[in-house]
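Undergrad: Residue numbers (my numbering): 583 to 723.
We treat Cβ as the ideally placed atom computed from N, Cα and C, and that holds for glycine.
These numbers were taken from a predicted model, which means no experiment stands behind them.
(1) Distance, Cα to Cα, residue 680 vs residue 646?
(2) To which residues does DSSP link residue 700 through a beta bridge?
(3) Going by DSSP, name the residue or residues bridged to residue 672.
(4) Considering Cα atoms alone, identify which of 600, 643 and 674 is closest to residue 684.
(5) Thinking C-beta only, is residue 677 closer than 9 Å to residue 623?
(6) So what does residue 630 bridge to, in DSSP terms?
(7) How is residue 779 classed by DSSP in three states: helix, strand or coil?
(8) Any contact between the stretch 603-616 and the stretch 633-652? By contact I mean 3 or more CB pairs, one from each, below 8 Å.
(9) In three-state DSSP terms, what is residue 708?
(10) Quick test of your reading: residue 636 and residue 610, contact by CB under 8 Å. State the CB separation rounded to the nearest angstrom.
(11) Looking only at its chain, what residues have a beta carbon closer than 6 Å to the beta carbon of residue 721, apart from the 5 residues adjacent to it on each side?
(12) Where does the unbroken alpha helix (DSSP H) through residue 610 begin, and where does it stop?
(13) Rounded to whole angstroms, how far is the Cβ of residue 639 from the Cβ of residue 616, which I believe are closer than 8 Å?
(14) Taking the DSSP output, what are the residues bridged to residue 659?
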């Protein structure tokens with residue numbers, strides 16, 4: 583594994599640590615603060631620009647009491663100034679007296695600036711099992 587790949591994996595893990603710890607300050611430190619960053623999660627419309635992304639994480643952190651994520655890296659590509667990590671996530675969370683579990687496929691994209699890797703894009707989509715896939719098809723049709 584190259585040094586760049588190790589650094590990107592560390593940045594990726596830092597993202598999941600900030601998410602599980604519900605720490606907005608840690609999340610802020612991981613993202614590039616620019617108008618062109620994007621964040622897509624199953625429960626959100628696409629968030630465009632750092633201000634919208636930050637607000638999305640803030641609202642999520644305020645609404646969740648507990649979240650645990652088992653993340654598995656499926657692939658990693660690190661170039662000179664851009665890298666992406668494809669993962670699967672098993673998420674267990676609790677909020678407002680409700681417990682939820684989901685499986686998601688995720689792509690995290692990072693950009694290297696001033697020697698540091700910053701997240702510029704997080705895209706997470708629900709993974710449907712064969713059981714729920716039929717239910718999903720009914721909703722889509």
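TA: Let's see:
(1) 10 Å
(2) 693
(3) Secondary-structure assignment with DSSP links residue 672 through a beta bridge to 652 and 685.
(4) 674
(5) Taking 9 Å as the cut-off, the Cβ atoms of residue 623 and residue 677 do not count as close.
(6) 620
(7) What the structure shows of the chain is the stretch from 583 to 723, and residue 779 is not part of that stretch, so it cannot be assessed.
(8) yes
(9) DSSP places residue 708 in strand when its eight states are reduced to three.
(10) 6 Å
(11) Because the pLDDT at residue 721 is just 41, under 50, the model does not fix this residue reliably, and the point stays unresolved.
(12) 606-612
(13) About 16 Å separates the two Cβ atoms, so there is no contact after all.
(14) Per DSSP, the beta-bridge partners of residue 659 are 666.
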